[in-house]
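Numbering (the numbering used here), first residue to last: 1 to 354. Don't be surprised by glycine CBs; every beta carbon is placed ideally from N, CA and C. No experiment lies behind these values; they were computed from the predicted model shown. Before any comments, here is the structure.
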Ligand code: PMP
């Protein structure tokens with residue numbers, strides 16, 4: 001830390017992203033990216049758009065915003081496109097976080113929430129999950145405070161139903177309920193249509209997972225016009241050109257090619273079930289995931305040892321060191337071929353530790 005760093009941030013512990021290795025080719029199952037390439041139309045559109053890189057991007061991101069609005073059955077004024085969904089989440093913490101009132105989210109969830117809260121001076125409480133790693137919805141009913149829930153949750157992959165989410169939204173009418181649906185296309189029930197019924201709901205989504213564009217950094221929020229207006233106030237006070245030109249066209253094309261991406265999600269769901277079955281045969285305890293990853297614990301080897309040995313063998317998975325989940329590994333679901341490599345290497349490791 002330099003001696004110039006503001007005291008405001010001196011104790012901030014930043015988020016640690018998953019490894020993005022440059023030294024060798026791994027079977028990369030550690031950051032929940034899609035194993036599938038973007039659709040063909042994206043390449044042509046991106047190439048054409050590159051000719052206009054000397055000009056600023058459209059601050060309103062009009063074309064992609066309109067396409068997202070149509071895809072999700074909402075008015076374009078109910079959508080804000082951002083630089084990854086991390087950005088819309090950060091905006092939401094800025095807009096609806098408070099110094100005095102506690103923001104609530106689960107104690108095992110997306111690790112960035114505590115960082116957004118600390119960055120923005122937001123008071124928060126992490127609500128314990130139940131012993132089976134599910135969210136106890138009664139902890140969030142009628143709490144009269146801002147709530148953030150990832151649905152499906154990460155890194156567990158476990159989803160709440162749309163009805164359970166609606167109960168939470170309905171019972172906190174004077175506060176914003178943020179539902180982070182980064183992984184919703186892999187089998188969960190989206191609550192996005194509830195934005196027509198509740199003005200306190202903000203749903204966030206991303207192109208990073210189901211739409212194969214983690215590197216383009218495109219996310220978006222859908223909520224009432226008033227909520228989107230609040231978030232725009234923050235956006236235009238930080239970075240009006242938050243989504244670059246190339247990403248705007250890439251994202252717009254991806255919405256046009258929706259069926260390609262949704263078909264890929266089906267393949268990932270199949271590979272997820274296959275991987276879960278095979279791991280269970282090896283004695284793993286695997287949570288019931290509705291995301292493009294699974295969270296699994298071996299009864300024969302520690303989470304850290306498995307992570308390290310897989311890495312030696314060229315397979316990257318994600319291991320978290322926090323006490324409650326240190327026995328687990330989070331394994332992104334890739335193609336069936338990638339999962340077979342992962343499963344074979346895991347079998348070899350377990351054989352060798354007998
Ligand atoms: N929410 C959750 C639950 C996530 O796991 C991630 C991915 N790290 C994000 C949001 C943010 O994704 P992105 O910024 O790539 O849209």
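Cβ-heavy atom distance between residue 288 and ligand 1 below 8 Å?
no
Between residue 223 and residue 231, what straight-line distance do the alpha-carbon atoms span, to the nearest angstrom?
10 Å
Alpha-carbon spacing of residue 134 relative to residue 324, whole angstroms
13 Å
Along the chain, where does the alpha helix (DSSP H) containing residue 65 start, and where does it finish?
62-72
Report the start-end ranges of each beta strand (DSSP E) in the region 4-83 that is 3 residues or longer and not cut off at the edges.
79-83
Select from 296, 76 and 247 the residue whose C-alpha is nearest the C-alpha of residue 195.
76
May I ask whether a heavy atom of ligand 1 can be found less than 8 Å away from the beta carbon of residue 236?
no
Secondary structure of residue 317, DSSP reduced to three states:
coil
Residues that DSSP places opposite residue 106 in a beta bridge
127
Determine the contact status of residue 227 and residue 89, defining contact as a CB-CB distance below 9 Å.
no
Is DSSP giving residue 148 helix, strand or coil here?
strand
Under the criterion of a Cβ to heavy atom distance below 8 Å, does residue 254 qualify as lining ligand 1?
no
Measure the Cβ-Cβ separation of residue 29 and residue 338 and say whether it is below 9 Å.
yes
For ligand 1, which residues have a Cβ under 5 Å from at least one heavy atom, in chain order?
84, 85, 86, 110, 150, 154, 180, 182, 206, 208 and 219
Please name the residue, chosen from 7, 252 and 125, that lies closest to residue 58 on a Cα-to-Cα basis.
252
Which of the three DSSP states, helix, strand or coil, is assigned to residue 112?
helix
I'd like the span of the alpha helix (DSSP H) that includes residue 206, first residue to last.
Premise fails: residue 206 lies in the beta strand (DSSP E), 201-206, not in any alpha helix (DSSP H).
My assumption, with CB atoms under 8 Å, is that residue 122 sits in contact with residue 105. Please give the rounded CB distance.
Contact flag wrong, Cβ pair sits at about 11 Å.
Taking the alpha carbon of residue 353 as the point to measure from, which residue in 315, 320 and 299 has its own alpha carbon closest?
299
Assign residue 211 to one of three DSSP states: helix, strand, or coil.
coil
Quick one: what does DSSP say residue 293 is sitting in, helix, strand or coil?
strand
Exposed unless 16 or more other CB atoms sit within 10 angstroms - verdict on residue 213:
buried
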